[in-house]
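To start, the structure under review is shown below, and the notes come after it.
In our numbering, the protein residues as written are 80 to 340.
Here's what the structure looks like:
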């Protein structure tokens, strides 16, 4: 091989490597987005709310009660990624209309419950490790929770000692932080696991865990299925019916479709 040929091949290889590197850097610098609209969280609710000194149990099984008593639901998860940084928002809303029994002092009464549960979160994640097929991210943000409970009491007792309707509820917020792990399993499959802890004092804590497996049908669309667990422990310092607390967990399978662009 003469000098001219060697020079040409060397220049071509150098140009190719430089072009590939430039393209990779450009891809890292571009924004990418993921949106999962209207995914289903088939959650069970197990816990109790408190209003003043009174306690109302909430034990709802998705298969038996929530499908029957679910009045409305809405959920959305969206992410924007650029380089090692990801910004995300999520909203979850559910309205349940179960019937239950509650103990008010020495009296057990039948109650129709209108339970509205809102949960919003937003924040950012930073990728600190990348093996090519798997990544680790530190993430954190703020979570806002709002619960409205309307209790319609069946006053069938001979002496009416309770009001016909009681409205309680509150809203609260706390910061949270956690870790997310993503693994690519071939060209089509993706495993994602995240866990976080929220804290704003001993009367406002949360633990969350989520694991999903996704399958890509195209470069733009994928379906996922998994399981989500959220444990909330909250109580305010107000008295009477203004005093409100919720202690319990919401957990169950999740399923949905994800769009990338």
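For glycine and all other residues, C-beta sits at the position ideal for the given N, C-alpha and C.
Here the structure is a predicted model, which means the values were calculated and not measured.
Residue 262 places its beta carbon less than 8 Å from that of residue 213.
Note on the region 260-328: there is no whole alpha helix (DSSP H) run with a minimum of 4 residues. Counting C-beta pairs with one atom in each stretch, the region 264-271 and the region 279-286 have fewer than three that are closer than 8 Å, which means they do not touch.
In this structure, residue 226 keeps its C-beta atom at 8 Å or more from the C-beta atom of residue 193.
The beta carbon of residue 197 sits closer than 6 Å to the beta carbons of 172, 225 from its chain, once the five residues preceding and following it are set aside; these are given in chain order.
The C-beta separation of residue 231 from residue 244 comes to about 5 Å, placing the pair in contact by the 8 Å criterion. Here residue 249 is bridged, per DSSP, to 226. Comparing C-alpha distances from residue 274 to each of 218, 280, 325, 121 shows the shortest one belongs to 218.
Cβ contact annotation for residue 302 (same chain, cutoff 6 Å, sequence separation greater than five): 294, 336, in chain order. Secondary-structure assignment with DSSP links residue 208 through a beta bridge to 215.
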